[in-house]
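Participant: Under numbering that gives the first Met the number 0, the first residue of the sequence shown carries the number 0, and numbering increases by one thereafter.
C-beta: ideal position from N, C-alpha, C; glycine also.
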Amino acid sequence: MSANKSAPLIEVRDLRKWFPIHAGIFSRRVGEVKAVDGVSFSVGRKETLSIVGESGCGKTTAGRALLRLIEPTSGSALYRRTPDSEPVDLFQLSPSEMRAQRDDLQIIFQDPYGSLNPRITVGNAIAEPLAVRGLAEGSELQDRVEELLRRVGLRPEVANRYPHEFSGGQRQRVGIARALALKPKLIVCDEAVSALDVSIQAQVINLLKDLQDEFNLSYIFIAHDLSVVRYISDRVAVMYLGRLVETGETRQIFDDPQHPYTKALLSAIPSPDPTKRSELIPLTGDVPSPINPPAGCHFHTRCSLVEDRCKETYPESVELGGGHSASCHLLS
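1. With 16 other CB atoms within 10 Å as the buried threshold, where does A76 fall?
2. By how many angstroms is the C-alpha of E156 removed from the C-alpha of L14?
3. Is it the case that the Cβ atoms of V244 and V235 are separated by a distance below 7 Å?
4. How big is the Cα-Cα spacing for D196 and K184?
5. Report the residue from L89, L330 and V173 whose alpha carbon sits nearest the alpha carbon of N116.
6. Which residue comes first and which comes last in the alpha helix (DSSP H) that contains V228?
7. Can you tell me whether M0 is buried or exposed, with buried defined as 16 or more other CB within 10 angstroms of its CB?
8. Do the segment 248-260 and the segment 296-310 meet, that is, are 3 or more Cβ pairs less than 8 Å apart?
9. In angstroms with no decimal places, state the Cα-to-Cα distance between V38 and G137.
10. What number of angstroms, rounded off, separates the C-alpha of P289 from the C-alpha of R132?
11. Considering only C-alpha positions, which residue in the set F18, G247 and L8 is nearest to N291?
12. Taking Cβ positions, are G152 and I199 nearer each other than 7 Å?
13. Relative to the C-alpha of S84, which residue among P7, F25 and Y112 is closest?
14. Pairing CB atoms from the segment 64-83 with CB atoms from the segment 91-107, are three or more of them under 8 Å?
15. In this structure, does DSSP put E41 in helix, strand or coil?
16. Would DSSP call T120 helix, strand or coil?
17. Within its chain, find whatever has a CB closer than 7 Å to the CB of L279; leave out the 5 residues flanking it on each side and keep chain order.
18. Three or more C-beta pairs closer than 8 Å, one from the segment 43-59 and one from the segment 217-230: is that the case here?
19. Which one of A325, G320 and G321 has the shortest CA to CA distance from Y313?
20. Can you give me the C-alpha to C-alpha distance between E311 and S331, rounded to a whole angstrom?
21. Buried or exposed for Q105, please, with buried defined as at least 16 other CB atoms from any protein chain shown within 10 angstroms of its CB.
22. Mind checking T249: buried by the 16 CB within 10 Å criterion, or exposed?
23. If you check the beta carbons only, do L181 and P128 fall under 7 Å apart?
24. From the beta carbon of V131, is the nearest beta carbon of chain B less than 7 Å away?
25. With distances taken from CA atoms, which of L240, Q141 and Y78 is nearest N159?
26. Pop quiz: A194 and Q251 are said to be a contact at Cβ under 8 Å. What is the actual Cβ separation, rounded to whole angstroms?
27. Along the beta strand (DSSP E) that carries G336, what are the first and last residues, could you check?
28. Which term fits T60, buried or exposed, when burial requires 16 or more other beta carbons within 10 angstroms of its beta carbon?
29. Counting C-beta neighbours from all protein chains within 10 Å, is the total for S54 16 or more, i.e. buried, or is it exposed?
30. In terms of alpha-carbon separation, which member of A176, E139, F90 and G57 lies closest to T72?
31. Would you decide whether T246 is buried or exposed? Buried here means 16 or more other CB atoms lie within 10 Å of its CB.
32. Taking only three categories from DSSP, how would you classify L304?
33. Just to check, is the beta-carbon of R229 closer than 6 Å to a non-hydrogen atom of the ligand NAD?
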């Protein structure tokens, strides 16, 4: 999978999502949870960008804010349907204008059971977006549903079954079929395989790669399993406490990590070769609260290489060449 070097499909600039904190009998605003705090990235056509980090770092919030499933606090998301089209800022669109863009922007949720309505059949779940958008009806709608089920590896006759009759892997395939129904350009995969058994994870990952080649899809793959990320990604963005600390091509991140946090994450990947041992870089302490993040570099409270300047100012992003960048004072 090689990235298209033309204009990116979507370009996110300085995305912020702060959740207000209210307290007291008058419910006054007393602070904010800075879940996403100034994140910028782009996704090319037929490219997979993985966003990785510990639980609570803000990666899921970033994906949902991008699609406006939750409203962003500030920033922009420039979307180009074709390489030559004028960019549209998704964050500036009215609700009706945003609905017109949703055919192109879909999501696969982490929980393959909670994301399906238990009261309707999986066939109706897949058919619903097609019917709502007026893209098919009657026998044509049924044919489209059956074809989507086949494409994700399920038999067409299962369309009349309910979600509880399927395994977790099968339910996630239904979720993928539903996301494909409107022929999107971009799919946000929000921990799409983390709830599945390892053997099923491999099947679903291979399915996603096949579908990407067939339908020219772009993915934002949100995950914490770095072995999966290495297999599926073109580029990787490492997130810590609401901010991106390192981005680059998959090879650059895994073979030549530059940020201390990235190095610590990679050192924790278990090796299948018992004779090959890598030095574990422990992370001391807990992740600071996004309500009151530390001054300076947010990572300095857990970093073994911390210097005085790390506690005072947040480091600028340093370009390392070839699209590889990291935010660390030790690189400047």
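Facilitator: A quick look at the data gives this:
1. Buried.
2. One alpha carbon belongs to L14, the other to E156, and they sit about 43 Å apart.
3. Inclusion of V244 and V235 in the CB contact set at 7 Å is not warranted, their separation being larger than that value.
4. The alpha-carbon separation between D196 and K184 amounts to approximately 28 Å.
5. N116 has its Cα closest to that of V173, out of L89, L330 and V173.
6. Per DSSP, V228 belongs to the alpha helix (DSSP H) from L225 to I231.
7. Bear in mind that the predicted position of M0 carries a pLDDT of just 43, short of 50, making it too unreliable to give a figure here.
8. Touching, yes, given that three or more Cβ pairs across the two stretches are closer than 8 Å.
9. Going by the C-alpha atoms only, they are around 44 Å apart.
10. Taking the straight line joining both Cα atoms gives about 39 Å.
11. Of the listed residues, the one whose Cα sits closest to N291 is F18.
12. No, the pair does not count as a contact, with Cβ atoms beyond the cut-off.
13. For the residues P7, F25 and Y112, the minimum Cα distance to S84 belongs to P7.
14. Between the segment 64-83 and the segment 91-107, the count of Cβ pairs shorter than 8 Å is three or higher; the stretches touch.
15. Note on identity: in this sequence residue 41 is Ser, with Glu being the wrong assignment. In the three-state reduction of the DSSP assignment, S41 falls in the strand class, which pools E and B.
16. Residue state, collapsed to three classes: coil.
17. Beyond the five residues adjoining it in sequence on each side, L279 comes within less than 7 Å, by CB distance, of S266 and A267 in the same chain, given in chain order.
18. They touch, by the three-pair rule.
19. Residue A325 is the option with its Cα nearest to Y313.
20. Straight-line measurement puts the Cα of S331 at about 15 Å from the Cα of E311.
21. Answer is buried; the Cβ neighbour count reaches 16.
22. Taking all protein chains in view, the Cβ of T249 is crowded by 16 or more other Cβ atoms within 10 Å, so the residue is classified as buried.
23. In contact: L181 and P128 (Cβ atoms closer than 7 Å).
24. This model lacks chain B altogether, as it is built from one protein chain only.
25. Measuring C-alpha to C-alpha distances from N159 to each of L240, Q141 and Y78 identifies Q141 as the nearest.
26. Their Cβ separation, rounded to whole angstroms, is 29 Å, which puts A194 and Q251 out of contact at 8 Å.
27. Here the chain comprises residues numbered 0 to 331, so residue 336 is not present and cannot be evaluated.
28. Label assigned to T60: buried.
29. Residue environment for S54: exposed (fewer than 16 other C-beta atoms within 10 angstroms of its C-beta).
30. Taking only the C-alpha atoms, the option nearest T72 is F90.
31. Buried, since its Cβ has 16 or more Cβ neighbours within 10 Å.
32. Residue state, collapsed to three classes: coil.
33. Because no ligand of any kind appears in the structure shown, any question about the ligand NAD cannot be addressed here.
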